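Just below is one structure, and these are the notes that go with it.
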Amino acid sequence: MANLRRILLTFNNSQQSIILGRIVDKKNLYSYLFPWNIYTTILPQAGIVFSPSALEYMTNDACFGWLSPRATERALIRCSNLMNIQLIDPIDKEGKHLFDPNSLKDLIESKESKTSKKTNGTLHCCSDQAVSFGGLNYRNHRILDFVTNRIKVFGC
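8 is the number of the first residue of the sequence shown in the working numbering; add one for each residue after it.
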């Protein structure tokens, strides 16, 4: 929660229409054959933050494509382009994304498997200032917030 507050304070203007989330370009064979389609999507499993004015614009009748759950990502991109809402994929100083689509369980398991192999490369896990993880419900998010703010680890 503190990391999200820190990011939101960088956007001082409350009237600014922004959407924060993980934005990905999905390139495949069709993207080269049909270049006029939109292949940029936003990952809802990583979490999405709407400003109040962006949420008002998204409820406008001019936005379409919300009926198909498969097309929600594209509908969000199209509606934001139509309503001039700024899409932002925040990253930290190290270039790591603050909205991570992987769940904490997957991140911990992948880190354990990499450390057991004793690789000398750096682990690309996640940002120290991460805002959201995939598959994290409200209860687990509150527990994670408590652990990161209250529990101190000494030594390593």
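Note that the Cβ used here is the ideal one computed from N, Cα and C, for glycine as well. Model, not experiment: these values are computed from the prediction.
Please list the terminal residues of the continuous beta strand (DSSP E) segment that includes residue i.
| i | result |
| --- | --- |
| A137 | A137 -> no beta strand (DSSP E), and no H or E assigned at all. |
| D68 | Premise fails: D68 is in no beta strand (DSSP E) and is neither H nor E. |
State the start and end residues of the unbroken alpha helix (DSSP H) segment that holds residue i.
| i | result |
| --- | --- |
| L62 | 59 to 65 |
| L40 | 36 to 40 |
| I150 | 145 to 157 |
| I14 | 9 to 17 |
| L7 | Absent from the structure is residue 7, since the part of the chain shown begins at 8 and ends at 163. |
Answer yes or no: do residue i and residue j have a C-beta to C-beta separation smaller than 7 Å?
| i | j | result |
| --- | --- | --- |
| T47 | D32 | yes |
| I49 | I30 | yes |
| I95 | I25 | yes |
| F140 | D107 | yes |
| Q93 | S60 | no |
Taking 7 Å as the limit between beta carbons, can you name the residues of its chain near residue i, skipping five residues before and five after?
| i | result |
| --- | --- |
| C86 | M65, C70 |
| L36 | none |
| A53 | G28, R29, F106, D107, P108, S139, G141 |
| D152 | M8 |
Within the same chain, show all residues whose beta-carbon is closer than 8 Å to that of residue i, passing over the 5 residues directly before and after it, in chain order.
| i | result |
| --- | --- |
| N156 | A9 |
| L89 | A69, C70 |
| S110 | F140, G141, G142, L143 |
| K34 | Y46 |
| F18 | I25, S58 |
What's the call for residue i, buried or exposed, on a 16-neighbour Cβ count within 10 Å?
| i | result |
| --- | --- |
| A137 | buried |
| D135 | exposed |
| N127 | Any reading at N127 must be qualified, since the residue scores a pLDDT of 49, below 50, and its modelled position is unreliable; the value itself is stated next. Exposed. |
| S38 | exposed |
| L16 | exposed |
Output needed for residue i: all residues of its chain with C-beta closer than 6 Å, excluding positions within five of it in sequence on either side, in chain order.
| i | result |
| --- | --- |
| L83 | I49 |
| I55 | G28 |
| G102 | none |
So residue i packs on residue j, CB below 8 Å; how close in whole Å?
| i | j | result |
| --- | --- | --- |
| L105 | I115 | That pair is no contact at about 19 Å. |
| E80 | P51 | 7 Å |
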